[in-house]
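There are 2 protein chains.
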Amino acid sequence: MLATVAPIVARSRPLPPQALQGTAPTGTVPANVLEPLRAMAVTMRMDRDAEIVAQGDPAGYCYLLMGGCARTVKLMEDGRRQVGEFLLAGDLFGWEALEEHDFGVEAVTDVTLLRYPRSAIEALADRDRDFARKLRALTAGQVRAGRERVVLLGRKTARERIASFLIEMAGRIRGGGTMIGLPMSRTDMADYLGLTIETVCRGLTQLRTRGVIAVERSKIVILDRRALGIASCEAVH
Amino acid sequence: MLATVAPIVARSRPLPPQALQGTAPTGTVPANVLEPLRAMAVTMRMDRDAEIVAQGDPAGYCYLLMGGCARTVKLMEDGRRQVGEFLLAGDLFGWEALEEHDFGVEAVTDVTLLRYPRSAIEALADRDRDFARKLRALTAGQVRAGRERVVLLGRKTARERIASFLIEMAGRIRGGGTMIGLPMSRTDMADYLGLTIETVCRGLTQLRTRGVIAVERSKIVILDRRALGIASCEAVH
DNA sequence: CGATTGGTTGACCGAGATCAATGGACGTGG
DNA sequence: CCACGTCCATTGATCTCGGTCAACCAATCG
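Chains A and B, in that order, give the protein sequences. Our numbering applies: residue 278 is where the first sequence begins, and numbers increase by one. Our numbering applies: residue 278 is where the second sequence begins, and numbers increase by one.
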């Protein structure tokens with residue numbers, strides 16, 4: 278319900294093009310695919326931990342992340358939490374909703390995003406063949422990513438999940454070399470990987486003591502990419 | 278590679294319309310959405326346990342299940358197996374592939390399916406607005422189902438997974454009332470739920486001794502739908 | 001500087017995996 | 001028609017990975 282925070286800034290216009298960089302595999306919008314809808318978009322800036330979409334919100338809009346990081350979350354009534362995915366710049370969320378958003382979206386860092394009416398996306402897909410094609414490619418990628426996550430959560434051990442996560446993030450966070458600045462907390466990582474925070478810590482520690490990575494708070498350096506790949510069961514891919 | 282079995286029968290034509298019934302949530306093709314492509318389709322009949330698509334096969338075709346049940350599987354090199362989804366009549370597989378199919382597909386029972394060139398699907402989506410719309414709805418459903426699976430595998434207990442599975446199958450297998458004729462083995466169930474076969478057995482036994490279900494080999498009767506919902510954490514939906 | 005928050009480590013416990021045996025349904029051949 | 005073998009489901013015994021509970025530490029913030 279966009280309650281506490283959520284200052285909607287203004288109709289969009291400029292915004293530097295490099296804001297669309299970053300990420301890769303998930304639901305990344307190739308370039309300025311949504312450019313034709315710029316006029317329909319509302320730019321939003323949200324503070325860290327703000328709720329962008331509440332689980333169960335009527336699904337009138339979808340969201341394109343321009344900068345920062347967000348998480349999609351499902352909360353079970355007994356408090357168990359599952360992070361569905363992390364959204365980075367260029368990622369689109371919510372166009373596939375039915376009546377309501379089945380996951381909430383929360384800002385992991387301060388974020389900038391564009392909000393589009395879902396109906397506009399659908400209408401554009403109807404009249405713009407090229408856009409429709411890109412949208413199909415986009416969701417096909419989401420389906421594939423979802424399957425990969427099913428394997429991770431269904432069959433991989435805690436260590437393998439953590440190693441896989443680091444590899445995924447190293448690929449998505451463009452920012453030079455082997456250093457990854459993880460935007461999310463250990464709790465978020467744990468809820469993404471179906472683990473507890475303690476297990477995530479221990480897994481990172483183990484990788485560190487084995488010389489595979491260096492850890493300093495949220496900065497992680499991959500020292501031995503090959504070993505990390507082995508630890509993640511990379512051959513599965 | 279369609280190696281051992283896989284007798285491709287003939288160009289398609291008739292086939293009773295009720296063959297398209299069944300299932301509901303996943304990637305079900307609403308009705309005869311692919312009807313315009315009938316001429317491009319090849320009908321295949323495969324025996325139980327035949328490999329329809331091998332993991333890693335070049336992704337030239339996609340498949341519409343007409344009858345029977347199939348499973349999508351990912352095999353890790355150390356033998357761990359994950360079933361991605363069960364396909365029932367009306368379910369479409371493979372149009373979202375990239376270069377290769379990242380999951381294999383195997384027949385759970387004897388199956389009948391139609392094979393379409395992926396390029397034909399793409400071309401039809403390009404020229405037929407209505408089909409494109411249905412294809413989007415279809416994949417949106419797949420994305421949502423994938424997320425539900427992530428919650429199941431990431432946060433639910435063994436008992437909850439099993440109860441959720443029974444509810445899912447009760448909804449998908451149209452066949453009158455509360456009796457479910459599960460087409461798949463306990464092993465398949467376990468690999469779908471990220472469990473072992475023993476845990477699946479014990480979970481079913483527990484539900485049985487509590488009077489929630491009756492079990493007789495692959496026939497399962499839901500005696501107390503409400504209790505089953507509670508056991509599955511249904512409120513999450 | 002305390003106080004709060006998030007990360008790390010240790011001790012212990014339990015859900016589910018592993019190992020092993022048994023049972024029941026079905027198919028084949030005598 | 002029955003004996004036997006195979007396959008699969010079920011149940012029991014034990015082990016282990018990861019969860020739980022708890023303490024501690026380091027960074028950030030008033």
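Glycine is no exception: its CB is placed at the ideal position from the N, C-alpha and C atoms.
Inter-residue spacing [alpha-carbon to alpha-carbon] between residue i and residue j
{"i": "Arg404 (chain B)", "j": "Leu369 (chain B)", "result": "20 Å"}
{"i": "Asp355 (chain A)", "j": "Arg315 (chain B)", "result": "49 Å"}
{"i": "Gly480 (chain A)", "j": "Asp465 (chain B)", "result": "30 Å"}
{"i": "Gly299 (chain B)", "j": "Leu365 (chain B)", "result": "Unreliable placement is indicated for Gly299 (chain B), whose pLDDT of 40 sits below 50; the coordinate value is still reported in the next sentence. Those two C-alpha atoms are separated by around 7 Å."}
{"i": "Glu475 (chain A)", "j": "Val310 (chain B)", "result": "49 Å"}
{"i": "Glu328 (chain B)", "j": "Ala336 (chain B)", "result": "15 Å"}
{"i": "Lys433 (chain A)", "j": "Val477 (chain A)", "result": "14 Å"}
{"i": "Leu484 (chain A)", "j": "Glu493 (chain A)", "result": "13 Å"}
{"i": "Gly371 (chain B)", "j": "Thr486 (chain A)", "result": "42 Å"}
{"i": "Ala374 (chain B)", "j": "Val489 (chain A)", "result": "33 Å"}
{"i": "Arg451 (chain A)", "j": "Glu425 (chain A)", "result": "21 Å"}
{"i": "Ala301 (chain B)", "j": "Asp326 (chain A)", "result": "Confidence in Ala301 (chain B) is poor, its pLDDT being 44 and thus under 50, which makes the residue's placement unreliable; the coordinate value appears in the next sentence. Going from the Cα of Ala301 (chain B) to the Cα of Asp326 (chain A) covers about 36 Å."}
{"i": "Glu445 (chain A)", "j": "Arg358 (chain A)", "result": "21 Å"}
{"i": "Ala504 (chain A)", "j": "Arg449 (chain A)", "result": "19 Å"}
{"i": "Ser495 (chain B)", "j": "Arg392 (chain B)", "result": "29 Å"}
{"i": "Met323 (chain B)", "j": "Asp324 (chain A)", "result": "55 Å"}
{"i": "Met461 (chain B)", "j": "Arg436 (chain A)", "result": "31 Å"}
{"i": "Cys346 (chain A)", "j": "Lys411 (chain B)", "result": "31 Å"}
{"i": "Gly367 (chain B)", "j": "Glu399 (chain B)", "result": "19 Å"}
{"i": "Glu312 (chain A)", "j": "Glu383 (chain A)", "result": "24 Å"}
{"i": "Phe363 (chain A)", "j": "Glu376 (chain B)", "result": "25 Å"}
{"i": "Arg463 (chain A)", "j": "Cys510 (chain B)", "result": "26 Å"}
{"i": "Arg413 (chain A)", "j": "Gln419 (chain B)", "result": "13 Å"}
{"i": "Gln332 (chain B)", "j": "Gly431 (chain A)", "result": "18 Å"}
{"i": "Ala447 (chain A)", "j": "Ala447 (chain B)", "result": "41 Å"}
8 Å contact criterion, which residue i and residue j should meet: CB distance rounded
{"i": "Leu429 (chain B)", "j": "Ser441 (chain B)", "result": "6 Å"}
{"i": "Ile457 (chain B)", "j": "Leu472 (chain B)", "result": "At roughly 18 Å, the Cβ-Cβ gap does not stay under 8 Å, so Ile457 (chain B) and Leu472 (chain B) are not in contact."}
{"i": "Val330 (chain B)", "j": "Gly381 (chain B)", "result": "6 Å"}
Cβ pair residue i, residue j closer than 8 Å
{"i": "Asp379 (chain B)", "j": "Arg421 (chain A)", "result": "yes"}
{"i": "Val360 (chain B)", "j": "Asp468 (chain B)", "result": "yes"}
{"i": "Met321 (chain B)", "j": "Leu390 (chain B)", "result": "yes"}
{"i": "Ala508 (chain B)", "j": "Leu500 (chain B)", "result": "no"}
{"i": "Leu470 (chain A)", "j": "Arg438 (chain A)", "result": "yes"}
{"i": "Thr455 (chain B)", "j": "Val388 (chain B)", "result": "no"}
{"i": "Tyr340 (chain B)", "j": "Arg395 (chain B)", "result": "no"}
{"i": "Val427 (chain B)", "j": "Gly506 (chain A)", "result": "no"}
{"i": "Thr482 (chain A)", "j": "Thr416 (chain B)", "result": "no"}
{"i": "Ala397 (chain A)", "j": "Met343 (chain A)", "result": "no"}
*Decide yes or no for the touch test of the region 337-352 of chain B against the region 404-418 of chain B: beta carbon pairs closer than 8 Å, at least 3 of them.*
Touching, no, given that fewer than three Cβ pairs across the two stretches are closer than 8 Å.
_Please give me, in chain order, every unbroken run of the beta strand (DSSP E) with length at least 3 that falls completely inside the region 383-435 of chain B._
Listed in chain order, the beta strand (DSSP E) elements of length 3 or more contained wholly in the region 383-435 of chain B are 388-394.
*Every unbroken beta strand (DSSP E) inside the region 332-367 of chain A [3 residues or more]*: Fully enclosed beta strand (DSSP E) runs of 3 or longer: 338-344, 347-352, 358-364.
_Contiguous alpha helix (DSSP H) assignments of at least 4 residues, all confined to the region 469-506 of chain B_ = For the region 469-506 of chain B, whole alpha helix (DSSP H) runs of length 4 or above, ordered along the chain, are 474-486.
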